[in-house]
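Residue numbers (my numbering): 349 to 483. Each residue gets a CB set at the ideal place from its N, CA and C atoms; glycine is no exception. Quick caveat: nothing in here was measured; it's all calculated off a predicted structure. Everything on this sheet refers to the single structure shown next.
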């Protein structure tokens, strides 16, 4: 077991701000710490910990989403974090759900949905799904 280093306040704030969008694995990589450190910081400093809404404006709000667009935006963040930590066999299914969420958000916001990056992601997800055994 390595030597434990105390995180600075700015490092803790950065972890709390990154975690909802990036998930445990990517947040740990970017912050230069372990996954367990990210989980510990989130459990103490994230929503539900001490008065985090004033301290960390990037933290998730305790307010429940009211509109369909707000709920879909929250779901998009959850799915993005899940994709970062998903085992390979779960990526195709999560990718389809993530894509459907993005399309619905785009439809609600009146976008055109012709993003070439989305097409590339769809292609990758399709290739991964084709290589996986049927459930």
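Item, Value
"Short CB-CB distance (under 7 angstroms) between residue 440 and chain D", "Of the protein chains in the structure, only one exists, and it is not chain D."
"Cβ pair residue 446, residue 420 closer than 7 angstroms", "no"
"Cβ-Cβ distance between residue 386 and residue 364 below 7 angstroms", "no"
"Supposed contact pair residue 456 and residue 416 - C-beta distance, whole angstroms, cut 8 angstroms", "7 angstroms"
"Straight-line Cα distance separating residue 469 from residue 478", "14 angstroms"
"Residue 434 in three-state terms, based on DSSP", "coil"
"Buried/exposed call for residue 394, threshold 16 Cβ in 10 Å", "buried"
"Counted within 10 angstroms of its Cβ, other Cβ atoms place residue 379 as buried (16 or more) or exposed", "buried"
"Under 7 angstroms between C-beta atoms of residue 353 and residue 389", "no"
"Cβ neighbour criterion (16 or more within 10 Å) applied to residue 472", "exposed"
"Sequence-distant residues of the same chain with beta carbon closer than 8 angstroms to residue 375, five excluded per side", "363, 366, 367, 386"
"Beta-carbon proximity check, residue 369 vs residue 425, cutoff 7 angstroms", "yes"
"Extent of the continuous alpha helix (DSSP H) to which residue 368 belongs", "357-379"
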